[in-house]
Amino acid sequence: MEAQRRAKWSTRLGDWFDERFDVRIPLENFLKKPVPKHAIKWYFCLGGITFSLFLIQGVTGILLSLYYRPTPEGAYESILFIMNNVRFGWLIRSIHSWSSTLMIAFCIGHMLRVFITGAYKNPRELNWVAGVALLLLTMAFGFTGYLLPWDQKALWGSTVGSEILGIVPLIGGWLLGLLRAGMEITGLTLTRFYGIHMLVLPLLAFIFLGFHFVIIRRQGISGPL
Amino acid sequence: MNESDDRIQDEAQGRPVSRRGFLKYGLLGFAGLATAVGVLTPIVAYLWPPKVGASGAGGRVTVVSTKDLPPGAGEIFSVANKPVMVIHTVEDDYVALSATCTHLGCILFWDVERQVIACPCHEAYFNTTGAVISGPPPAPLEPYRVQVEGDEIVVEGGQG
């Protein structure tokens with residue numbers, strides 16, 4: 074046998090980084106948290122599933138953006154092109170569409186679990202607040218994404234949906250105009266929703282997700298019932 | 035028997051990889067590879083340039099009707115995914131030429147007023163036979179075979 078066994082390559086790679094950045098201990102403190110026994114249940118996975126769906130939405134969304142055209146003339150046509158001409162375009166778009174629905178469902182499932190196990194209570198109130206923000210962001214993703222196919226369902230769905238904003242007392246009409254970029258849904262609404270869907274919401278989602286995860290690491294998950 | 039007992043036994047018998055380790059990493063590796071291929075195949079296929087439009091059977095493309103291209107007019111059409119300039123000359127002749135400049139590959143345009151093919155990039159001009167009038171292009175434009183069938187103009191793709 075060799076006098077000195079060479080360490081595993083992964084250990085040596087870790088050593089290389091640790092030598093330079095001194096990160097092993099802080100990283101281990103942050104990442105190595107055993108899941109407590111009471112939490113090894115399927116309904117403690119709902120949040121993780123929601124996040125996985127978020128990642129899937131990121132990947133499929135980037136792929137869709139490579140063929141989608143956010144103009145009144147080009148939007149529906151580009152959707153048909155994705156569905157009929159692009160290889161696996163039907164698959165990528167369908168995954169994006171189904172995952173969006175599932176993401177809201179799993180978000181709500183995760184919130185029910187947190188609510189029923191009382192995990193939102195002191196000291197975790199702020200993480201509940203961040204979670205509610207993430208639910209609202211998910212719904213905003215769904216709402217803005219709904220218009221993008223630019224078919225009849227999208228147009229009237231968004232008309233009815235945005236109409237709700239108009240009944241806010243006093244400033245409703247003003248908010249409605251701000252959301253639609255005018256008093257009705259036009260090409261300006263389409264590019265506005267596109268920008269919100271592609272840039273504003275992902276940025277906000279990353280901020281709130283980061284907050285959500287850092288807090289859960291810092292506080293650990295709540296104890297058994 | 036646990037894993038470390040296995041390893042001690044395997045090492046004693048001079049086996050560098052234990053049976054358990056082989057099965058564990060073999061199966062994990064196979065599952066990982068299968069998943070990666072299953073996910074990456076649709077993504078790479080998705081990114082692959084999709085076919086755009088049908089460019090006609092046998093490389094023959096009906097580009098435009100003769101009444102939409104009056105004498106003195108020239109227009110660019112896609113033939114076998116390449117831009118082709120079709121010109122109806124003032125002498126009532128039809129000409130089809132590659133619309134890619136032989137200098138640095140810019141797409142040419144038809145200058146109606148001067149009745150020449152012009153390049154927007156470096157001020158190059160070609161006449162209706164494809165010969166260089168002025169500018170940096172090192173070679174004339176490749177001609178395409180063009181025919182009038184009834185009142186349709188047909189260009190044959192891939193002709194030199």
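Protein chains in written order, with our numbering: chain Z, 74 to 298; chain V, 35 to 194. The beta carbon of each residue, even a glycine, is placed where N, CA and C say it ideally should be.
So for residue i, helix, strand or coil by DSSP?
| i | result |
| --- | --- |
| VAL124(V) | coil |
| GLY108(V) | strand |
| TYR159(V) | strand |
| SER132(V) | strand |
| TRP82(V) | coil |
| VAL51(V) | coil |
| TRP247(Z) | helix |
| TRP144(V) | strand |
| ILE294(Z) | coil |
| VAL166(V) | strand |
| ALA173(V) | coil |
| ARG142(Z) | coil |
| TRP201(Z) | helix |
| GLY147(Z) | coil |
| LYS58(V) | helix |
| PRO99(Z) | helix |
| ALA80(Z) | coil |
| ARG160(Z) | coil |
| ALA192(Z) | coil |
| ASP224(Z) | coil |
| CYS180(Z) | helix |
| ILE258(Z) | coil |
| HIS137(V) | coil |
| LEU103(V) | coil |
| PRO76(V) | helix |
Just grab the DSSP bridge partners of residue i for me.
| i | result |
| --- | --- |
| VAL273(Z) | In DSSP, VAL273(Z) forms no bridge with anything. |
| VAL98(V) | ILE187(V) |
| GLN181(V) | VAL188(V) |
| VAL118(V) | PHE111(V), SER132(V) |
| ALA152(V) | PHE143(V), TYR159(V) |
What number of angstroms, rounded off, separates the C-alpha of residue i from the C-alpha of residue j?
| i | j | result |
| --- | --- | --- |
| LEU128(Z) | GLY169(V) | 52 Å |
| GLY106(V) | ALA130(V) | 14 Å |
| VAL205(Z) | GLU101(Z) | 29 Å |
| ILE98(Z) | GLY215(Z) | 40 Å |
| ASP127(V) | PHE154(Z) | 37 Å |
| PRO177(V) | GLY134(Z) | 43 Å |
| HIS285(Z) | THR232(Z) | 33 Å |
| LEU86(Z) | ARG166(Z) | 39 Å |
| LEU81(V) | ASN157(Z) | 14 Å |
| SER138(Z) | ARG265(Z) | 15 Å |
| ARG186(Z) | LEU199(Z) | 17 Å |
| PHE160(V) | TRP144(V) | 10 Å |
| LEU62(V) | ARG53(V) | 14 Å |
| ILE294(Z) | LEU208(Z) | 20 Å |
| THR162(V) | PRO174(V) | 11 Å |
| PRO222(Z) | ASP91(Z) | 49 Å |
| ILE237(Z) | VAL273(Z) | 22 Å |
| ILE288(Z) | PHE281(Z) | 11 Å |
| TYR149(Z) | TYR59(V) | 47 Å |
| PHE124(Z) | MET176(Z) | 8 Å |
| PRO76(V) | LEU243(Z) | 50 Å |
| TRP89(Z) | CYS155(V) | 51 Å |
| THR134(V) | ARG160(Z) | 29 Å |
| ARG93(Z) | GLY283(Z) | 26 Å |
| GLY184(V) | VAL146(V) | 25 Å |
| PRO143(Z) | SER151(Z) | 9 Å |
| ASN115(V) | LEU277(Z) | 42 Å |
| PRO145(Z) | ARG148(V) | 37 Å |
Assuming residue i contacts residue j (C-beta within less than 8 Å), just tell me the rounded distance between them.
| i | j | result |
| --- | --- | --- |
| GLY218(Z) | HIS270(Z) | 5 Å |
| HIS137(V) | ALA158(V) | 6 Å |
| VAL254(V) | VAL189(V) | Because chain V here runs from 35 to 194, residue 254(V) falls outside it and cannot be looked at. |
| VAL113(V) | VAL95(V) | 5 Å |
| VAL118(V) | LEU103(V) | No, VAL118(V) and LEU103(V) are not in contact; Cβ-Cβ is about 13 Å, not under 8 Å. |
| VAL98(V) | ILE187(V) | 5 Å |
| GLY246(Z) | GLY239(Z) | 6 Å |
| LEU220(Z) | LEU263(Z) | 6 Å |
The segment 169 to 181 of chain Z contacting the segment 251 to 265 of chain Z, beta-carbon criterion three pairs below 8 Å: no
Pair every Cβ in the segment 190 to 201 of chain Z with every Cβ in the segment 125 to 144 of chain Z, then say whether three or more of these pairs are closer than 8 Å. no
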